[in-house]
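Take a look at the structure:
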């Protein structure tokens, strides 16, 4: 089982890719995905409080269990000009 | 330069953020006066937008239009503007009676003009009257003179351009050199020919060694300026900018600024990275969540959108490794720019120019016309600034006419040529026609509200139908409220932002409220009550930024990590605490956030009263096009059917969604309309308005605004 982790904006420039796949098991959470990305790309600086997690474009808590083919994103807070 | 009138004056020192002086210039009589403000004026009206509102309320009447001699154009910084120790302190407000909305418009603008005006001794400049020749105003704090001079004539191309003329003027008045002690505001020839003329704010960027510009884009402030015969204004002061406000508590200012700068330094590159690619970074996120305007807001996403994402502008155009920003001390520094860009279209094709921007709004205006060419975005940005016309209103009005073509309401016989979405040649032609007041450009330059009437007349005459029937169709997708075109966000999936646009006092510009993400994406406003509370709170705090001379982006677009620990993270209260501390340290006050919101509410109610006076202050004026509420045509519904079906099912509860797609679409629109009306009801109640959207007597009295004019106005309104 895998999920896709999507990169947006500056994340894409740091990682040089639009997305990566991550293997999961039945207990893998959004937080595990976050830690996976942090470890793989330390230059991303995905600190808690500065980003929000989304699964399939819906905001998700860090303890949410991931399912096969989910797409995970770590988005900035956007509040307008 | 031929001086027509000049006075000598002694600039007063700024103390605690204020000079307590307003410079008044009547271009009709060439009278120049300095008005000393009573001590309680600043307590009640704060500065910036508040000063503009009070001057317009007192100095104009319900009959005043943009071209009336008594109309006033006010430019005002605010008590917190001009402090390099704190990020984002260059903003000033331009306020006037708008040629678009026929009521008060305010447009905020960066650059050095506001701070230099204050250092030259004035909290605000108020220009009234109409000159019988083109003039410039020179406010020289160093020479201690204020002059009205005949506008210099250089050569035609320079004189017609807002940027070109301003660059030359700044050099001219400074003996041939640029200096950061001078700044100018100018309006170009497009402002003479279109209602949505802008004001450019020009300043010398010592790092880039060139003149840069920011724009007051909304509502036709430049059109008012040119109608008055005013080509430009220069402000000069060589006083130090550091501690320019003579803050009461300098250490308090330093601490508050250091804290905010630390948050920006740590967090911006983890979030929107505005310091790297400015506001263009928004395009990708807007597209992802169906908010990016495509083909006059029909669609929120396109397979071609990625051609306009920030990385494209960063790689191809933005000058890298040069510190940016529109004023000293701002480490968010989002004012991006490009040097040596060759124009490939229009009358100046082949010319190599420097371009400031593009901003997200420029990108969105171009996508709204169905164009996905980044070089065209750059050219569109430069030409609009040089001509002095609003990138938003220009793009949205052209998009509206494109959709009229698409739906058979307009033909090439009416326009003189085809105007289809994505037709870059047609848009290029039309852009220059608007600026020159030629051909179809004369019609487009009037904006969407007046454009709808023109199309309705044409269509009705050609087809033998009633104008009312044609207008009903056009009202569905003509993206304006109160006469102002929408800025570049699709609201179909965010009821809160529908209110944000519809209830915005100046018309649908996002700087009063921007709730799309916290509503549509974050789901932080799940109920009508949540949305209504946000629609009261955010306009008030945002009004305060416009009254004090501050940019909102360091607060709202860089989330403080500590905010996650608060009950309402979207308010970013930990960062707002730095702003409150900065206010108190500068002015010597002891205000809380609640005090600030009360101050803002007084200004908000005053603006509402002006709207009421000018016929734009009731529920009828807060209605938005159906296109802003949902998928007004079936093609829009089909593109997001899954989302809309789910929403409809939630509304219907146990009742079944109709099987017929057409019935489903019809019911959906009815339910969206109902939801918007319910939202208005709750918001009006929270704001202290009647169900017709008119401020109640007790609301006006609460903020000390019940003067004779207000009393008569409320009487007339039946309140």
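Protein chains in written order, with the numbering used here: chain A, 1 to 81; chain B, 1001 to 1719.
By construction, the Cβ of each residue, glycine as well, lies at the ideal position given by its N, Cα and C atoms.
Just so it is clear, the structure is predicted and the values come from calculations on it, not from any experiment.
Grab me the residues of residue i's own chain with a C-beta within less than 8 angstroms of its C-beta, minus the 5 sequence neighbours each way, in chain order.
| i | result |
| --- | --- |
| residue 1588/B | 1016, 1248, 1249 |
| residue 54/A | 60, 72, 73, 74, 75 |
| residue 1265/B | 1331 |
Express the C-alpha separation of residue j and residue i in angstroms, rounding to a whole number.
| i | j | result |
| --- | --- | --- |
| residue 1717/B | residue 1546/B | 29 angstroms |
| residue 1194/B | residue 1377/B | 20 angstroms |
| residue 1500/B | residue 1512/B | 7 angstroms |
| residue 1645/B | residue 1638/B | 10 angstroms |
| residue 1152/B | residue 1160/B | 12 angstroms |
| residue 1493/B | residue 1658/B | 21 angstroms |
| residue 1463/B | residue 1408/B | 11 angstroms |
| residue 1352/B | residue 1126/B | 37 angstroms |
| residue 1055/B | residue 1235/B | 21 angstroms |
| residue 1246/B | residue 1201/B | 25 angstroms |
| residue 1108/B | residue 1057/B | 19 angstroms |
| residue 1348/B | residue 1170/B | 22 angstroms |
| residue 1433/B | residue 1001/B | 32 angstroms |
| residue 34/A | residue 1091/B | 38 angstroms |
| residue 1031/B | residue 1139/B | 14 angstroms |
| residue 1082/B | residue 1577/B | 19 angstroms |
| residue 1210/B | residue 1003/B | 27 angstroms |
| residue 1076/B | residue 1099/B | 20 angstroms |
| residue 1327/B | residue 1112/B | 7 angstroms |
For residue i, does the three-state DSSP call read helix, strand or coil?
| i | result |
| --- | --- |
| residue 71/A | strand |
| residue 1523/B | coil |
| residue 53/A | strand |
| residue 1570/B | helix |
| residue 1477/B | helix |
| residue 1488/B | coil |
| residue 1337/B | strand |
| residue 1344/B | coil |
| residue 1018/B | strand |
| residue 78/A | coil |
| residue 21/A | strand |
| residue 48/A | strand |
| residue 5/A | strand |
| residue 1690/B | coil |
| residue 1578/B | helix |
| residue 1695/B | strand |
Spatial neighbours of residue i within its chain, please: CB distance less than 7 angstroms, with the 5 preceding and 5 following residues excluded, ordered by chain position.
| i | result |
| --- | --- |
| residue 1503/B | 1535, 1622, 1683 |
| residue 56/A | 70, 71 |
| residue 1273/B | 1281 |
| residue 1565/B | none |
| residue 1428/B | 1345, 1346 |
| residue 1080/B | 1017, 1089, 1548, 1549, 1550, 1582, 1583, 1586 |
| residue 1436/B | 1193 |
| residue 1416/B | 1439, 1440 |
| residue 1710/B | 1609, 1700 |
| residue 1316/B | 1374 |
| residue 1675/B | 1495 |
| residue 1607/B | 1053, 1104, 1505 |
| residue 1476/B | 1625, 1626, 1627, 1632 |
| residue 1323/B | 1207, 1333 |
| residue 1445/B | 1193, 1194, 1195, 1434, 1437 |
| residue 1593/B | 1576, 1580 |
Just confirm the distance between the C-beta atoms of residue i and residue j, as a whole number of angstroms; I'd bet it's less than 8 angstroms.
| i | j | result |
| --- | --- | --- |
| residue 1447/B | residue 1403/B | About 15 angstroms; that fails the 8 angstroms criterion. |
| residue 1019/B | residue 1123/B | 5 angstroms |
| residue 1292/B | residue 1283/B | 6 angstroms |
| residue 1137/B | residue 1239/B | At roughly 20 angstroms, the Cβ-Cβ gap does not stay under 8 angstroms, so residue 1137/B and residue 1239/B are not in contact. |
| residue 1186/B | residue 1150/B | The pair is not a contact, with the Cβ atoms about 15 angstroms apart (cut-off 8 angstroms). |
| residue 1419/B | residue 1383/B | Actually they are not in contact, since the Cβ atoms of residue 1419/B and residue 1383/B sit about 18 angstroms apart, beyond 8 angstroms. |
| residue 1488/B | residue 1368/B | 7 angstroms |
Ignore the nearest five residues each way along the sequence and tell me which others in residue i's own chain have a CB closer than 6 angstroms to its CB.
| i | result |
| --- | --- |
| residue 1443/B | 1454 |
| residue 1390/B | 1196, 1198, 1217 |
| residue 1421/B | 1295, 1370, 1402 |
Which parts of the region 1112-1197 of chain B are runs of the alpha helix (DSSP H), unbroken and 4 residues or longer, counting only runs that do not cross its ends? Counting only runs of 4 or more, we get 1113-1119, 1156-1160, 1162-1172, 1190-1193.
Which runs of the alpha helix (DSSP H) at least 4 residues long sit entirely within the region 1193-1258 of chain B? Give them in chain order. Considered as a whole, the region 1193-1258 of chain B harbours 1221-1227 as its complete alpha helix (DSSP H) runs of no fewer than 4 residues, in chain order.
Length-filtered (4 minimum) alpha helix (DSSP H) runs lying within the region 1349-1437 of chain B: The region 1349-1437 of chain B contains these whole alpha helix (DSSP H) runs: 1360-1368, 1374-1387, 1391-1406, 1412-1415, 1424-1436.
Residue ranges of each beta strand (DSSP E) run of no fewer than 3 residues wholly in the region 1026-1112 of chain B, ordered along the chain? Unbroken beta strand (DSSP E) stretches of 3 residues or longer found wholly inside the region 1026-1112 of chain B: 1031-1036, 1073-1076, 1092-1097, 1104-1109, given in chain order.
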